[in-house]
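Under full-length UniProt numbering, the first residue of the sequence shown is numbered 1, with each subsequent residue one higher.
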Amino acid sequence: MRDSLKATTTVWVERWATYATALCDGGVEDRGMRCRRAPSGQLMSRYCMAEKYRLDCDDYHQPHWPGTTNIHHFHLINFDHSAADLHSMRSVLSVVACAFAAAVSAVSTTGNRLLVVLDDTAEKDGYSQFFGDLAARGFDIKYETPRSDDLKLFHLGERAYDHLVFLPSKVKGLGPNLTPNLIVDFVNAEGNVLVGLSSTTPASTSVVSLLSELDITLPAERTGTVVDHFNYDSVSAPEAHDTLVLNAPTNVRPGLKQYFEVGGVLALPHTAGHILGQSQLLSPVLRAPSTAYSYNPKEQAEAVDPDDLFASGRQLALVSTMQARNSARVTVLGSAEMLQDKWFDAKVARGDEKKVKTENREFSKQLSGWTFQEIGVLRVNEIEHHLVGSNETNPGIYRIKTDVSYSISVSEHVWDKWIPFALPEGDNLQLEFSMLSPFHRLNLKPVAAGESATAYSRTFTLPDQHGIFNFKVNYKRPFLTYLEEKRTVSVRHIAHDEWPRSYEISGAWPWLSGIGATVVGFVGFAAVWMYSKPTDKKRA
Numbered sequence: 001m002r003d004s005l006k007a008t009t010t011v012w013v014e015r016w017a018t019y020a021t022a023l024c025d026g027g028v029e030d031r032g033m034r035c036r037r038a039p040s041g042q043l044m045s046r047y048c049m050a051e052k053y054r055l056d057c058d059d060y061h062q063p064h065w066p067g068t069t070n071i072h073h074f075h076l077i078n079f080d081h082s083a084a085d086l087h088s089m090r091s092v093l094s095v096v097a098c099a100f101a102a103a104v105s106a107v108s109t110t111g112n113r114l115l116v117v118l119d120d121t122a123e124k125d126g127y128s129q130f131f132g133d134l135a136a137r138g139f140d141i142k143y144e145t146p147r148s149d150d151l152k153l154f155h156l157g158e159r160a161y162d163h164l165v166f167l168p169s170k171v172k173g174l175g176p177n178l179t180p181n182l183i184v185d186f187v188n189a190e191g192n193v194l195v196g197l198s199s200t201t202p203a204s205t206s207v208v209s210l211l212s213e214l215d216i217t218l219p220a221e222r223t224g225t226v227v228d229h230f231n232y233d234s235v236s237a238p239e240a241h242d243t244l245v246l247n248a249p250t251n252v253r254p255g256l257k258q259y260f261e262v263g264g265v266l267a268l269p270h271t272a273g274h275i276l277g278q279s280q281l282l283s284p285v286l287r288a289p290s291t292a293y294s295y296n297p298k299e300q301a302e303a304v305d306p307d308d309l310f311a312s313g314r315q316l317a318l319v320s321t322m323q324a325r326n327s328a329r330v331t332v333l334g335s336a337e338m339l340q341d342k343w344f345d346a347k348v349a350r351g352d353e354k355k356v357k358t359e360n361r362e363f364s365k366q367l368s369g370w371t372f373q374e375i376g377v378l379r380v381n382e383i384e385h386h387l388v389g390s391n392e393t394n395p396g397i398y399r400i401k402t403d404v405s406y407s408i409s410v411s412e413h414v415w416d417k418w419i420p421f422a423l424p425e426g427d428n429l430q431l432e433f434s435m436l437s438p439f440h441r442l443n444l445k446p447v448a449a450g451e452s453a454t455a456y457s458r459t460f461t462l463p464d465q466h467g468i469f470n471f472k473v474n475y476k477r478p479f480l481t482y483l484e485e486k487r488t489v490s491v492r493h494i495a496h497d498e499w500p501r502s503y504e505i506s507g508a509w510p511w512l513s514g515i516g517a518t519v520v521g522f523v524g525f526a527a528v529w530m531y532s533k534p535t536d537k538k539r540a
């Protein structure tokens, strides 16, 4: 038994590497298993310690766990053996399960595999604090150059990475493994992208084409410098005025969740500005002040013609975000240098003002956290609808003109935990009860808040219309992943035996009285007629 267990466990661990555990998809109580939730607090299946019976975990796959593979026919057979064998088996499973729990504890809800594309892997040393912060938050970072043979965004049709970071590259093209179509496919596969630009390095054609797909425009020369003769750093750029010192963004989108408000000032050296199109998926995080403008220093070195400017003032976006319809996120950072170590701890002075420390580090944390879906992520835990007064939940059919209660439980992911989702002031989470068009559009009200979720509920009366209806929640806001939940039910007419009896309707009582009087009168007349004998009159 011990040799068989050792051989089976060896195959299992080799297949899953460090992400192995005995997982069971359900029904474990009926099969004699003692199961508990994994201790990491993440959403994961139960792992089981077998007591007596065989555990089959066939073709299990959890796409949200980074690095996991499928388990095929993992069997632990006939555990009716000695206590020593059982204790040994439990020890092995416990150790492997703990290793698995630690491996999946990344704070991002979409995975921890991060690819950084840069000209030379040695350049990462200049961003050591930024990448160190990411590693401390649980990301598995891999650095590749555009020409690397090992660089692949997809493997066997699946994403090879969960997140992608582009740092400024001197090569014009990024090679066959980073074409614009592949990057767009990566976003369509729910991958997240952070694009860093710089006025000192022209953007690669792949990046330009990608941004064009997103309705973001760069200068025709693929480069341009944003300068401001009023909001510049007098310490590092007293003459060029190309290191902007700006207040950190505040109230980016009024009435919505705020994720980028860090206070203080930001230093943006060598910024490449961009222009946003009319897409509703785009959201500017930081715009240039009205005194800034973008020009090409190579072609306009001596004099700047206002008519030849790429853009100026509030037209210029310095930091922008895009959230696709599948909730994948793309962030464009006009100054990649602001992520470097020297600007994390730098002290800058705007004009003649005194020196202050930048908040680049905190801003980069918020920006990368949002991009890589560590914050601003919503999750629906449970949806219930039922007839008021009934214990049956989520029935497939209702009757017209009955009272129905609908509730939905929503959580928000904030860094390393799920918390109850609270609506911003003035915002509403709406429920639609619709066929082809909504019959009801109602604001859901928070009724209970637990440790990790908020329950929103509403009771309403079904319309006097039969058919196929949908309970639909469609909540889409900038900076939050989208919620689109639909449950389909049938609504029927009142059955024949469900109508009220005529004697229960007061308006029918005169008619019922008339019927009764007619019946009584007829019976009385018949009785009188039948029992009344005619008499013969004698003639005189």
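Glycine included, each C-beta is placed from N, C-alpha and C at the ideal position.
Could you spell out the range, first to last residue, of the beta strand (DSSP E) harbouring residue i?
| i | result |
| --- | --- |
| Asp225 | The question names Asp, yet the displayed sequence has Thr at residue 225. Note, Thr225: beta strand (DSSP E), 225–228. |
| Leu164 | 163–166 |
| residue 616 | In the structure as shown, the chain starts at 1 and stops at 540, and residue 616 therefore has no counterpart that could be examined. |
| Thr205 | Counting along the chain, Thr205 falls outside any beta strand (DSSP E), though it belongs to the alpha helix (DSSP H) covering 205–213. |
| Val252 | From DSSP, Val252 is part of no beta strand (DSSP E); its letter is neither H nor E. |
| Ser320 | 317–323 |
| Arg329 | 329–333 |
Can you tell me which of the three DSSP states residue i falls into?
| i | result |
| --- | --- |
| Ala340 | The amino acid at residue 340 is misidentified as Ala; the sequence shows Gln. Correct three-state label for Gln340: coil. |
| His72 | Reliability of the predicted coordinates at His72 is poor, the pLDDT of 36 falling under 50, and no value is obtained from them. |
| Asp233 | strand |
| Pro269 | strand |
| Val193 | strand |
| Arg159 | strand |
| Asp536 | coil |
| Glu239 | coil |
| Val171 | coil |
| Val304 | coil |
| Lys298 | coil |
| Leu43 | With a pLDDT of 33 at Leu43, under the threshold of 50, the modelled position of that residue is not reliable, and no figure is offered here. |
| Asn381 | strand |
| Phe186 | helix |
| Trp65 | Annotation note: pLDDT 38 at Trp65 (below 50); position unreliable, no value reported. |
| Asn112 | coil |
Would you kindly report the start and end of the unbroken alpha helix (DSSP H) that includes residue i?
| i | result |
| --- | --- |
| residue 559 | Limits of the chain in this structure are 1 at one end and 540 at the other, which puts residue 559 out of reach. |
| Gln129 | 128–136 |
Quickly, what does DSSP pair residue i with across the bridge? List them, please.
| i | result |
| --- | --- |
| Glu144 | Val117 |
| Lys354 | For Lys354, which the question treats as bridged, DSSP gives no partner whatsoever. |
| Thr179 | Answer by DSSP bridge pairing: none, since Thr179 is not bridged. |
| Tyr293 | Val227, Ser312 |
| Val348 | Val356 |
| Thr217 | Ile275 |
| Val245 | Ala267 |
| Ser198 | Thr201 |
| Phe154 | Arg159 |
Is residue i close to chain C, meaning its C-beta is less than 8 angstroms from at least one C-beta of that chain?
| i | result |
| --- | --- |
| Arg147 | No chain C is present in this structure, which holds just one protein chain. |
Handout entry: 3 or more residues per run - each beta strand (DSSP E) lying fully within the UniProt domain "OST48 middle" (386–533)
Key = 397–399, 403–414, 417–420, 430–434, 438–443, 445–449, 454–461, 467–475, 483–492
Practice task
Evaluate the contact criterion for the region 146–160 versus the region 125–138: three or more CB pairs, one atom per stretch, below 8 angstroms.
Solution key: no
Problem - Cβ contact (3+ pairs, closer than 8 angstroms) linking the region 331–346 and the region 312–322 - result: yes
Handout entry: Cβ pair count under 8 angstroms reaching 3, the region 428–437 against the region 346–366
Key = no
Exercise for the section: Taking 8 angstroms as the threshold, find out whether the region 485–505 comes into contact with the region 447–459 through three or more Cβ pairs. Expected result: no
Problem - the region 222–240 touching the region 268–281, judged by at least three CB pairs closer than 8 angstroms - result: yes
Practice task
Would you check if the region 249–266 and the region 181–190 touch, i.e. whether three or more CB-CB distances between them fall below 8 angstroms?
Solution key: no
Exercise for the section: Count the CB pairs spanning the region 199–219 and the region 159–170 that are closer than 8 angstroms, and state whether there are at least three. Expected result: yes
Practice task
Assess, as a yes-or-no matter, whether the region 379–392 is touched by the region 401–417 under the definition of 3 or more beta carbon pairs within less than 8 angstroms.
Solution key: yes
Exercise for the section: Count the CB pairs spanning the region 303–312 and the region 230–240 that are closer than 8 angstroms, and state whether there are at least three. Expected result: no
Practice task
Examine the Cβ distances between the region 139–146 and the region 115–129 and report whether three or more of them are shorter than 8 angstroms.
Solution key: yes
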